[in-house]
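J.: Next up is a structure, given as structure tokens.
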């Protein structure tokens, strides 16, 4: 079957950095679904895996952790899906990615695709939705009842650093549904407009001092902070802006030691969010990702969330995946880029 992968860690401008390849079509066993892939999205993790390393691979490494498609076969232990179901998912970091015509994925990581969205709009959603949902409601412990979203304002505020990216665009919407006032950071006119379009109440510039930016809004400190970019540069600002007893979560790693002692007197809580953790360690609550995606699909179908799709390329091949990776590497991406269809 057709797939796109790499054997050497090369600059994305090199035609060999991602190549069209032929690999064996897998078969479904156990809890696995065999999905006929209709569209995929590209994320920073694709860039990171492709660029990091020096070894030559004898077999192509297949990337891709955002997909939508149709279930064509199921393993003997599957109970949540059946052939013909339209699904969307991010999958597991330990297994081959979804940049292939057919893909195996554990049913516990999969949701029924939202019925009201286009194929491309569906593919834009899984990874960032899972990340944002887990960060807000599991790691930051923000109360949220999906059955009664935005039922009342909670008089609490969250600062989302890098609100125009894929995760930030979803986190902003979900935080609003949880009743929070959302301060989102963005720096360019188009990214500011994007964050406002997706529900940000206030916008600050993360290229300026965030403490001064937030204080200029008449806000001394915030209840929650979600860091989606450059933890090293923003750490001191984060520690200054968090309220006593506040909660901080980050999806970006630090390259230098961060001083957690700065949170001691505030009794601040810091947590990491890595969306792949449950599947990577095969945790007992791994099925929660199925539940989250079911909730996300419902919110999308009810018109309470909007897809963050911003660009679509066709068809799924190495050329278009290289182009999508280049867009991510430029660090100016707003929303999500999706590649749809096979030739």
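Residue numbers (this note's numbering): 2 to 344.
The beta carbon of each residue, even a glycine, is placed where N, CA and C say it ideally should be.
These numbers were taken from a predicted model, which means no experiment stands behind them.
#1: If you measure between the beta carbons of residue 178 and residue 290, is that distance less than 9 Å?
#2: Taking 6 Å as the limit between beta carbons, can you name the residues of its chain near residue 224, skipping five residues before and five after?
#3: Around the Cβ of residue 67, are there at least 16 other Cβ atoms within 10 angstroms (buried) or fewer (exposed)?
#4: Between which two residues does the alpha helix (DSSP H) carrying residue 49 extend?
#5: Cutting at 8 Å between CB atoms, please list the residues of its own chain near residue 264, excluding the five before and the five after it.
#6: Could you check where the alpha helix (DSSP H) with residue 236 kicks off and where it finishes?
#7: What does a CB cutoff of less than 8 Å around residue 53 pick up in its chain, not counting 5 residues either side in sequence?
#8: Do you know how far the Cα of residue 77 is from the Cα of residue 30?
#9: So, do the region 136-145 and the region 21-35 have three or more beta carbon pairs nearer to each other than 8 Å?
#10: Identify which residue in 37, 305, 301, 341 has its Cα closest to the Cα of residue 320.
#11: Check whether the Cβ atoms of residue 366 and residue 335 sit closer than 9 Å, and answer yes or no.
#12: What do you reckon, are the CB atoms on residue 274 and residue 125 nearer than 9 Å?
#13: Does the region 94-110 come close enough to the region 253-262 that 3 or more CB-CB pairs lie under 8 Å?
#14: Over the uninterrupted alpha helix (DSSP H) stretch that includes residue 79, give me the two end residues.
#15: Mind checking residue 176: buried by the 16 CB within 10 Å criterion, or exposed?
#16: How about residue 65 and residue 13: are their beta carbons less than 9 Å apart?
#17: Quick check on residue 195: does DSSP put it in helix, strand or coil?
#18: Cutting at 6 Å between CB atoms, please list the residues of its own chain near residue 134, excluding the five before and the five after it.
#19: Do the CB positions of residue 308 and residue 301 come within less than 9 Å of each other?
#20: When DSSP labels each residue in this structure, what does residue 291 get in the three-state scheme?
#21: So residue 38 packs on residue 99, CB below 8 Å; how close in whole Å?
#22: Which runs of the beta strand (DSSP E) spanning at least 3 residues fall entirely within the region 291-322, listed in chain order?
#23: I'd like to know if residue 103 contacts chain D, where contact means its C-beta is closer than 9 Å to some C-beta of that chain.
T.: According to the structure shown:
#1: No; because the gap between Cβ atoms is not below 9 Å, this pair is not in contact.
#2: 157, 158, 244, 247
#3: buried
#4: 45-52
#5: 240, 243, 249, 270, 271
#6: 232-242
#7: Cβ contact annotation for residue 53 (same chain, cutoff 8 Å, sequence separation greater than five): 10, in chain order.
#8: 6 Å
#9: no
#10: Checking every option, the nearest Cα to that of residue 320 belongs to 341.
#11: In the structure as shown, the chain begins at 2 and stops at 344. Residue 366 is therefore absent and cannot be evaluated.
#12: no
#13: Because the criterion of three Cβ pairs below 8 Å is not met, the region 253-262 and the region 94-110 do not touch.
#14: It is not in any alpha helix (DSSP H) - residue 79 carries neither H nor E in the DSSP assignment.
#15: buried
#16: no
#17: helix
#18: 293
#19: yes
#20: helix
#21: 6 Å
#22: 310-314
#23: Protein chains in the displayed structure number just one, and chain D is not present.
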